[in-house]
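Numbering (full-length UniProt numbering) for the sequence shown: 1 to 70.
Backbone N, C-alpha and C define an ideal beta-carbon position, used for all residues, glycine too.
Before any comments, here is the structure.
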Amino acid sequence: MAKTTKKAEAKATVTVEQIGSPIRRPDVQQKTLIGLGLNKMHRRRTLEDTPAVRGMIRAVQHLVRVVDEK
Numbered sequence: 001m002a003k004t005t006k007k008a009e010a011k012a013t014v015t016v017e018q019i020g021s022p023i024r025r026p027d028v029q030q031k032t033l034i035g036l037g038l039n040k041m042h043r044r045r046t047l048e049d050t051p052a053v054r055g056m057i058r059a060v061q062h063l064v065r066v067v068d069e070k
């Protein structure tokens, strides 16, 4: 039986930068930032653009900004 290989598709990505401090924010917002890979001001992460990631960004939209790199 021959194995078939799937081509690696180019996945859409989104880059987010932390612009607000998680100090004095609810614990769930602090954990969401950590889940996005952000925990210090002005740190950037490039993440796969999925509905789950978009929901996390929406939950802390006042603390992050989506960077448009073209």
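**Study point:** Residues that DSSP places opposite Arg-43 in a beta bridge
**Key:** Numbered from its first residue, the sequence shown carries residue 43 at position 43. Answer is none; Arg-43 lacks a bridge partner.
Check your understanding: With a Cβ-Cβ cutoff of 8 Å, do Glu-48 and Thr-15 count as a contact?
Key -> Here residue 48 is taken as the residue at index 48 of the sequence shown, counted from 1. Here residue 15 is taken as the residue at index 15 of the sequence shown, counted from 1. Taking 8 Å as the Cβ cut-off, Glu-48 and Thr-15 do not qualify as a contacting pair.
**Study point:** Distance CB(Leu-38)-CB(Gln-18) smaller than 8 Å
**Key:** By one-based count along the sequence shown, residue 38 stands at place 38. By one-based count along the sequence shown, residue 18 stands at place 18. Contact flag set, yes.
**Study point:** Close-in-space but distant-in-sequence residues of the same chain around Met-56 (CB under 7 Å, 5 per side omitted)
**Key:** As a position in the sequence shown, residue 56 is number 56, starting the count at 1. Within the same chain, Met-56 has close Cβ partners Thr-32, Gly-35, Leu-36.
Point to revise | Separation of Ala-10 from Gln-29, as counted between CA atoms | key: On the sequence shown, residue 29 is found 29 positions in, with the first residue counted as 1. On the sequence shown, residue 10 is found 10 positions in, with the first residue counted as 1. So the two alpha carbons sit approximately 30 Å from each other.
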